[in-house]
Amino acid sequence: MTARRWVGWGLVAAVPLAFLGLFFVLPTGTLIARGFSTGGSLDLSGFGEVFSRPRTWRIVGLTFLQATLGTVFAVGLGIPGAYVLYRRRFRGQWLARALVTVPFVLPTVVVGVAFRSLLAEGGPLGALHLDGTLAAIVAALVFFNYSVVVRTVGGFWAHLDPRAEQAARVLGAPPWRAFLSVTLPALVPAITAAASIVFLFCATAFGVVLILGGIRFGTIETEIWIQTTQFLNLRAASVLSVVQLVVVGAVLGVSGAARRRRERALHLTAVDAARERLGRADWAPAVATGLVGVVLIALPMLSLVLRSLRTSRGWSLQNYANLATTGGRGVLTGTVWAALGNSVRTAVLATAIAVVVGALVGLVVSRRPRSRSGRRAIETLDAVFMLPLGVSAVTVGFGFLIALHRPLGLDIDLRTWWGLVPVAQAVVAVPLVVRSLLPVLRAIEPRLRQAAAMLGASPWRVFLAVDLPMVRRALGLAIGFAFAVSLGEFGATSFLVRPDRPTLPIVIYRLIGRPGAENLGMALAASVVLAALTAAVMMLAERWRPASAMGEL
Amino acid sequence: MTTARGLEVSDVVVQYEADGRWLPAVDGVSFEVTPGEVLGLLGPSGCGKSTLLRAIAGLERLVRGAVSWDGADLAPVPVHRRGFGLMFQDGQLFPHRDVAGNVAFGLQMAGLGPAERAPRVHELLAMVGLEGFERRQVETLSGGERQRVALARSLAPTPRLLLLDEPLSALDRALREQLAEDLARVLRETRTTAVFVTHDQDEAFAVADRIGVMFSGKLVQVGTAAELRAEGIDRSVRAFLGN
Amino acid sequence: MKIDAGWTDAYTVDFSGSSGKGSRPLVVSYASSPPDEVPAGGTTAPTGALLDTCFRQVEYAGVLAGAKNPAGAQAFIDFMLGDSFQAALPDAMYVYPVSSSVKVPDTWATFAPIPSSPFSMDPAQIDKNRDGWIQKWTDTVIG
Chain A
1 MTARRWVGWG LVAAVPLAFL GLFFVLPTGT LIARGFSTGG SLDLSGFGEV
51 FSRPRTWRIV GLTFLQATLG TVFAVGLGIP GAYVLYRRRF RGQWLARALV
101 TVPFVLPTVV VGVAFRSLLA EGGPLGALHL DGTLAAIVAA LVFFNYSVVV
151 RTVGGFWAHL DPRAEQAARV LGAPPWRAFL SVTLPALVPA ITAAASIVFL
201 FCATAFGVVL ILGGIRFGTI ETEIWIQTTQ FLNLRAASVL SVVQLVVVGA
251 VLGVSGAARR RRERALHLTA VDAARERLGR ADWAPAVATG LVGVVLIALP
301 MLSLVLRSLR TSRGWSLQNY ANLATTGGRG VLTGTVWAAL GNSVRTAVLA
351 TAIAVVVGAL VGLVVSRRPR SRSGRRAIET LDAVFMLPLG VSAVTVGFGF
401 LIALHRPLGL DIDLRTWWGL VPVAQAVVAV PLVVRSLLPV LRAIEPRLRQ
451 AAAMLGASPW RVFLAVDLPM VRRALGLAIG FAFAVSLGEF GATSFLVRPD
501 RPTLPIVIYR LIGRPGAENL GMALAASVVL AALTAAVMML AERWRPASAM
551 GEL
Chain B
1 MTTARGLEVS DVVVQYEADG RWLPAVDGVS FEVTPGEVLG LLGPSGCGKS
51 TLLRAIAGLE RLVRGAVSWD GADLAPVPVH RRGFGLMFQD GQLFPHRDVA
101 GNVAFGLQMA GLGPAERAPR VHELLAMVGL EGFERRQVET LSGGERQRVA
151 LARSLAPTPR LLLLDEPLSA LDRALREQLA EDLARVLRET RTTAVFVTHD
201 QDEAFAVADR IGVMFSGKLV QVGTAAELRA EGIDRSVRAF LGN
Chain C
1 MKIDAGWTDA YTVDFSGSSG KGSRPLVVSY ASSPPDEVPA GGTTAPTGAL
51 LDTCFRQVEY AGVLAGAKNP AGAQAFIDFM LGDSFQAALP DAMYVYPVSS
101 SVKVPDTWAT FAPIPSSPFS MDPAQIDKNR DGWIQKWTDT VIG
């Protein structure tokens, strides 16, 4: 590449680098520094303080326990689900696949409220007395992550050559044996990749744990939040953030290695092997998937909708009408519809930022330079831009709070800036945008670009004529994804939102936190509204999904 | 065209990376193509002929040597300003444009307006035997039709030099023979200077005026079809050409 | 003993003497709570405060250092100390007024007498130890 092209690409990469530098590296770095030093000098006493409390060890243990349990169940239930939904076919399979995907895109507060409504006394499963237990939290986490496992493992499985397993069957192995000795080992890269992502999401779960955990259960995430907002102990919160970063970094490392192995393995498999119909021999996985689908996925969502229509006077839409009020005893400072307006406005802004930054990142990271140093640079950039995905939203929000007062020594206070919430949401959404655009950008045949160049198109015109039309659909998907995620964002927003301009998830959390049938009813109704809006946006965006996308999400 | 000197390739070396080492794909090749001439590059798979073609186009970096047109070194000239055309084995038509949109692409890049493009597109499609195909979608074309569109597209901006990278290898035998004849005719009619890469001797003899034989990155022999048949530098070349 | 997430949960859900009709007969609350449970026009209170166990808790208002409009804030504080504001406190905020020249509502006079000798502690000492005490309490009681 000529020097001019290096400069050109450097400029393209500079915008997202600057954005992430200011709004991700700076806050995270300040956070880490806070945990390790006081007044400029290295001071590890914060670590001593935090780790000498048995509470800290309990919280860390709980985090790992719930993450492990969530991963085990999600993977264990997800493998038969992947088999039924991606390896076989049956009528209406597209609907089943869509239903299974819905939980993943629901906002965390909505899921928390749904499970609360299901398991609390007075709810359909209230007799199980699971409210406020670890089982409730794990169930909600599996609800979220089931679709991740099904799609990741299923997408990979669909492209696996069935002839290896058929050869084993012909040699005399019964179906379960053939599965265990031939198919399962071949699926290991996909399963590992899915498991590490699920572990990451479970370990950094915030909204769900906050709502379902009560005061007994918490994770490192909720503990950071409690230390910051209730005990005002920024030191302890910083120490815990560092711990969180270490945990997340380790998991990301494992996940990245598994992903690279999976991508290498992919080159060896056939493309989209033909699928058989679901038959009688498949009763076991079919029953398992059906049970999961009904009990774990459909039931909470149904319970949410049905209970939102129930008031003390029987079935009515009163809860929805109450959304125009400020809640029982003035729980809120504005109406719920006003909060919805705030949510939509910030989400639009956050989506715009995330899509611009994400598209630039996708452009840079999808290049395949000839030289090894160029390829190394691209790989590093890829890893750097993916970091926000793993770092929790709570860390981002908290980091903003402590880093954006006099950042880099400049005499400005960004903490009260109205743009902080959209920016925080954008930081969370950028990795998702990149992951949506990257497979498509990478799949563009380089010779198509070369053909355009030979016909006289300058690099900019090549982009307009070749890349842009092919990426248009994936762009629609990315926009929808970013918008849905920003609408439901809770972790970072809970730190940064101004009391007079709350977003809808914040309002739902406030409503569910106050007892009273009226507040609960409003929380349920608002959750249904938020869920419906998010689901509608995602379904619209999914129509633009490219046909054979094999991303993790 | 009134260029006097045409294409000059002198001592070109192109390398590729394998297992951490750099090996030569093209190892010191030199030849000339006079304006209006069609040079065929013949050789087995992996002999470096495609890499050499791409180096002439500017898509591969030269480790040594130079490529020049009409005496001017092309090293500082970027790909999209060389005025060369390139035709791939699988056409590489733009999927989101129809046939006319594809053929007109080069004219669009040159800044021609719709009124000037339309007659030229019509003329080219007629030349390749695809009259009336303007509005057809690319996905509906057969392999042979695709290659014809690709040829029309690469000829539309009247390139100084047309590079063809095994354009007929992906087609079946009967189609190949037919298309080779058409290709030769079109190149003659338009008096286009061309370098035509193939591993099929019959094609080379049918289309090219002169043929260069490549083997392991080196140009081992250059001459007309008759000359090549009469001589033969070494056994491997003769075995490859078949007597 | 049950630890709830906050006073609202404890008093309005788990306490047997209030609207939640819960299962727990004792709750940590305010000496000013009993009048709220007295039905309109009633003469007896269903709940009562254990006056020997009370701690004096003061709710403060003040002008922040570095305020943009200290004079205006000061004027507002003066208004809060005035009779009309103080008289409205019991019904709106469920706290006793600071001003001694203001009367509490009749139900309060009957059912929410001010404890004669509440516990109190030097504010400086509270300030010094507050964080440590909260942490210790949390660790001991909640874990």
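Chains as they are written, first to last, in the working numbering: chain A, 1 to 553; chain B, 1 to 243; chain C, 1 to 143.
Ideal Cβ placement from N, Cα and C applies to all residues, glycine included.
Small disclaimer: the values here were computed from a predicted structure and weren't measured.
Do A/V102 and A/A535 have their C-beta atoms closer together than 8 Å? yes
Beta-carbon contacts of B/A204 that lie in its chain and below 6 Å, excluding the five residues immediately before and after: G40, L42, T198, I211
Return the bridge partner residues of A/E223 from the DSSP annotation. DSSP, once it has assigned bridges, lists no residue as partnering A/E223.
Looking at the secondary structure, which residues open and close the alpha helix (DSSP H) in which A/V198 lies? Annotation for A/V198: the continuous alpha helix (DSSP H) segment containing it runs 184-203.
What residues from the stretch 10-26 of chain C come within 8 Å of chain A, judged by C-beta to C-beta, listed N to C? T12, V13, G20
I believe A/A541 touches A/G456 by the beta-carbon criterion, under 8 Å. Please report the beta-carbon distance rounded to the nearest angstrom. Incorrect: roughly 36 Å between the Cβ atoms, too far for contact.
With a cut-off of 8 Å on the beta carbons, I'd call A/L496 and A/V421 a contact; round off their distance for me. 5 Å
Where does A/H618 land, buried or exposed, given buried means 16+ other C-beta within 10 angstroms? Since the first residue shown for chain A is 1 and the last is 553, residue 618 of chain A is missing from the structure and cannot be characterised.
Closest Cα partner of B/F76 within the set B/I56, B/D165, B/Q201: Reading off the sequence shown, one finds Pro at residue 76 of chain B, where the question assumed Phe. Distance check between B/P76 and each of B/I56, B/D165, B/Q201 places B/I56 closest, using alpha-carbon atoms only.
For B/V197, does the three-state DSSP call read helix, strand or coil? strand
I need the boundaries of the beta strand (DSSP E) containing B/I211, first residue and last residue. 210-215
Nearest-angstrom Cβ-Cβ length linking B/A104 and B/R117, presumed shorter than 8 Å: Rounded, the Cβ-Cβ distance is 5 Å, consistent with contact.
Does DSSP put B/G223 in a helix, in a strand, or in coil? Of the three classes helix, strand and coil, the one that applies to B/G223 here is strand, per DSSP.
Report yes or no: is there a C-beta of chain A within less than 8 Å of the C-beta of B/G101? no
Please classify B/G144 as buried or exposed, where buried requires at least 16 neighbouring CB atoms within 10 angstroms. By the C-beta density criterion, B/G144 is buried, having at least 16 other C-beta atoms within 10 angstroms.
Have a look at A/T351, A/I211, A/L487, A/L520 and flag the residue whose alpha-carbon is nearest the alpha-carbon of A/V434. Of the candidates A/T351, A/I211, A/L487, A/L520, the one whose C-alpha sits nearest the C-alpha of A/V434 is A/T351.
Given a limit of 8 Å on CB to CB distance, which residues of the stretch 362-379 of chain A reach chain B? Result list: R370, R372.
Would you identify the three-state DSSP class for A/S366, choosing helix, strand or coil? Note: A/S366 maps to coil in three-state DSSP.
What residues in the stretch 110-124 of chain B have a beta carbon less than 8 Å from any beta carbon of chain A? A110
For the pair the stretch 186-196 of chain A and the stretch 143-154 of chain A, tell me if three or more CB-CB distances fall below 8 Å. yes
Using the three-state DSSP reduction, which class does A/S37 fall into: helix, strand or coil? strand
With a CB to CB cut of under 8 Å and the five nearest residues on each side skipped, what residues in its chain are close to A/R89? R275, E276, R277, L278
In this structure, how does DSSP classify B/E189 when only helix, strand and coil are distinguished? Here B/E189 sits in helix by DSSP.
Nearest to B/A100 (by Cα), restricted to the options B/A110, B/P119, B/G85: B/P119
How about A/V554 and A/A484: do their beta carbons lie closer than 8 Å? Past the edges of chain A, shown from 1 to 553, lies residue 554 of chain A, and the structure says nothing about it.
Given a cut-off of 8 Å on the beta-carbon distance, is the pair C/T140 and C/P35 in contact? No, Cβ-Cβ distance for C/T140 and C/P35 is not below 8 Å.
CA-to-CA distance, A/V430 to B/F215, given in whole angstroms: 50 Å
Partner residues on chain B for A/A453, Cβ-Cβ distance less than 7 Å: V79, H80
For A/I197, which of A/N233, A/F51, A/A250 has the nearest alpha-carbon? A/A250
What is the rounded straight-line gap between the Cα of B/M109 and the Cα of B/A170? 28 Å
Rounded to whole angstroms, what's the CA-CA distance from B/S50 to B/L86? Just pull it up for me. 11 Å
Let me see if you follow: with CB-CB separation under 8 Å, is B/V9 close to chain A or not? no
For A/P469 and A/A298, what's the separation of their Cα atoms in angstroms? 38 Å
Since B/F84 is in the beta strand (DSSP E), which residue starts that stretch and which ends it? 84-87
Just curious, the beta strand (DSSP E) that A/A82 is in, first and last residue? Unbroken run through A/A82 is the alpha helix (DSSP H), 54-82; no beta strand (DSSP E).
Can you tell which of B/E227, B/L187, B/Q178, B/V128 has the C-alpha that lies nearest to the C-alpha of B/L161? B/L187
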